[in-house]
DNA sequence: CGCAATCGTTAAGCATGCTTAACAAAGGGA
DNA sequence: TCCCTTTGTTAAGCATGCTTAACGATTGCG
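Residue numbers (our numbering), protein chains in the order written: chain A, 1 to 183; chain B, 184 to 366.
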């Protein structure tokens, strides 16, 4: 268990992720601005993300070099097909994760949105697609959905014993008493 | 939707997260080494994480300043109570996420472990606890577990129409045809 | 004891990504 | 036209976190 979690073959994949958190938000900002106003300039992106124009300018230059951002004939910012793909991937991940956390796990909105926003650019397409499937299963039947919620809300304490818990079999309890109240 | 995803009040929380990915792995490495060998030195941590001794030294100095790491009477590395709490939080998140991705969502192992490792330090205690509850629900009944798997494996194509899909109601389909094959 | 290997720290360099500040280029009103 | 504002770029500084290299301080063997 502890042997593999620190295996360098994948723990450092974090810093080599396809897209950084920051880059994802620059792309999504362009998408959102074009949708809302029909165009996006460096200053608009900077305002939306509340970063300086300098930061936006430098980041967008990198995104242009990477082939995700272009300028249209009027020198307005534009996503390339690949850029739009990345933006949509991250945005869809955010939507799925925040919906999953809020509607299925019943995590308080603020926490759910915070977690989803941090994780949105890190979940692979494969995982996102399958998570969508799980949610179609749960949300597709009201009785089932209600039962999930009932069970989750009753699960405020640690499992009684490793024997009867399908998760803790053999090992230690994943959520012992000291972890059942919030941080 | 696009309005809130770029709201600076939380998109920049990513860089202010309680613990960085790197810091989490330093803490978990100390934990793992002490468990396996009874002690942990800077060099051992560096070897386990496959970083230079210089990097390990500097990072561990920061973790000492932060109160998560100490030295024992023999000058070996030791986690403080708070440090152990953080390490266990992240490790438990990794276990829950990788189990969820592999055993519930049936994501291929390599992808599941990669995703879990990237997200492990970003999921809040609250969300992790509730995810554990969901998994107790699903894995606690074989019929239910089988049904979830059947449904997820059949969900390889986009939903037929927004009308009948509990997720896409109103808006666009989250997983239209062009996204249903892997990247 | 002494030499050599190991251990831990520190410095310099690089990359990311933010800040503020300076500046050139373009735009708009009197 | 002139001036002032807005826009976008660039430079310098800071923080994180990695690299390699140099450096003392141990440690251990013959």
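Even for Gly, the Cβ is constructed at its ideal location relative to N, Cα and C.
Out of the options, which one is the CA nearest neighbour of residue i?
i	options	result
residue 197 of chain B	B/301, B/322, B/318, B/226	B/301
residue 49 of chain A	B/298, B/290, B/188	B/188
residue 28 of chain A	A/153, A/52, A/89, A/65	A/89
residue 98 of chain A	B/333, B/306, B/263	B/306
residue 311 of chain B	B/331, B/322, B/274	B/274
residue 20 of chain A	A/59, A/51, A/38, A/32	A/59
residue 294 of chain B	A/104, A/130, A/102, A/24	A/130
residue 253 of chain B	B/224, B/237, B/279	B/224
residue 24 of chain A	A/150, A/125, A/121	A/121
residue 87 of chain A	A/7, A/153, A/34, A/55	A/34
residue 18 of chain A	A/66, A/153, A/151	A/66
Which term fits residue i, buried or exposed, when burial requires 16 or more other beta carbons within 10 angstroms of its beta carbon?
i	result
residue 3 of chain A	Low confidence applies to residue 3 of chain A: its pLDDT is 49, below 50, so where it sits in the model is not reliable enough to give any reading.
residue 32 of chain A	buried
residue 297 of chain B	buried
residue 183 of chain A	Below a pLDDT of 50, predicted positions are generally treated as unreliable, and residue 183 of chain A, at 33, falls in that range; the measurement from the model is reported next regardless. Counting Cβ neighbours within 10 Å, residue 183 of chain A comes out exposed, since fewer than 16 surround it.
With DSSP as the reference, please indicate the residues paired to residue i in a beta bridge.
i	result
residue 252 of chain B	B/262
If the cut is a Cβ gap below 8 Å, which residues of chain B does residue i touch?
i	result
residue 113 of chain A	187, 193
residue 71 of chain A	Per Cβ cutoff of 8 Å: no residues; residue 71 of chain A is ~21 Å from chain B at best.
residue 94 of chain A	188
residue 79 of chain A	Result: empty, since nearest Cβ-Cβ is about 13 Å, beyond 8 Å.
When the Cα atoms are used, what is the spatial distance from residue i to residue j?
i	j	result
residue 63 of chain A	residue 276 of chain B	32 Å
residue 228 of chain B	residue 261 of chain B	12 Å
residue 141 of chain A	residue 11 of chain A	38 Å
residue 235 of chain B	residue 16 of chain A	18 Å
residue 322 of chain B	residue 328 of chain B	6 Å
residue 105 of chain A	residue 147 of chain A	12 Å
residue 267 of chain B	residue 251 of chain B	7 Å
residue 320 of chain B	residue 30 of chain A	41 Å
residue 309 of chain B	residue 72 of chain A	45 Å
residue 100 of chain A	residue 257 of chain B	48 Å
residue 102 of chain A	residue 316 of chain B	14 Å
residue 7 of chain A	residue 265 of chain B	24 Å
residue 22 of chain A	residue 259 of chain B	38 Å
residue 109 of chain A	residue 326 of chain B	32 Å
residue 299 of chain B	residue 238 of chain B	24 Å
residue 184 of chain B	residue 26 of chain A	Since pLDDT at residue 184 of chain B reaches only 43, below the 50 mark, its modelled position is unreliable, and the value read off the structure follows with that caveat. Each residue's alpha carbon lies about 16 Å from the other.
residue 149 of chain A	residue 226 of chain B	48 Å
residue 57 of chain A	residue 95 of chain A	28 Å
residue 153 of chain A	residue 290 of chain B	27 Å
residue 222 of chain B	residue 263 of chain B	14 Å
residue 244 of chain B	residue 230 of chain B	17 Å
residue 184 of chain A	residue 220 of chain B	Outside the shown range of chain A (1 to 183) lies residue 184 of chain A, about which nothing can therefore be said.
residue 318 of chain B	residue 135 of chain A	13 Å
Could you tell me which chain A residues have their CB closer than 8 Å to the CB of residue i, listed as they occur along the chain?
i	result
residue 196 of chain B	114, 117, 118
residue 314 of chain B	105
residue 212 of chain B	6
residue 369 of chain B	Residue 369 of chain B lies beyond the stretch modelled for chain B, which goes from 184 to 366, so this question has no answer here.
residue 243 of chain B	By Cβ distance, chain A contributes nothing, its closest Cβ being about 14 Å from residue 243 of chain B, past 8 Å.
In chain A, which residues lie less than 7 Å from residue i when you measure between Cβ atoms?
i	result
residue 284 of chain B	127
residue 259 of chain B	The premise fails here: residue 259 of chain B is roughly 17 Å from chain A at the closest Cβ pair, so nothing lies under 7 Å.
residue 231 of chain B	6
Name the chain A residues whose beta carbon is nearer than 9 Å to that of residue i?
i	result
residue 246 of chain B	Result: empty, since nearest Cβ-Cβ is about 15 Å, beyond 9 Å.
Which residues in chain B have a C-beta closer than 7 Å to the C-beta of residue i? List them in chain order.
i	result
residue 148 of chain A	317, 320
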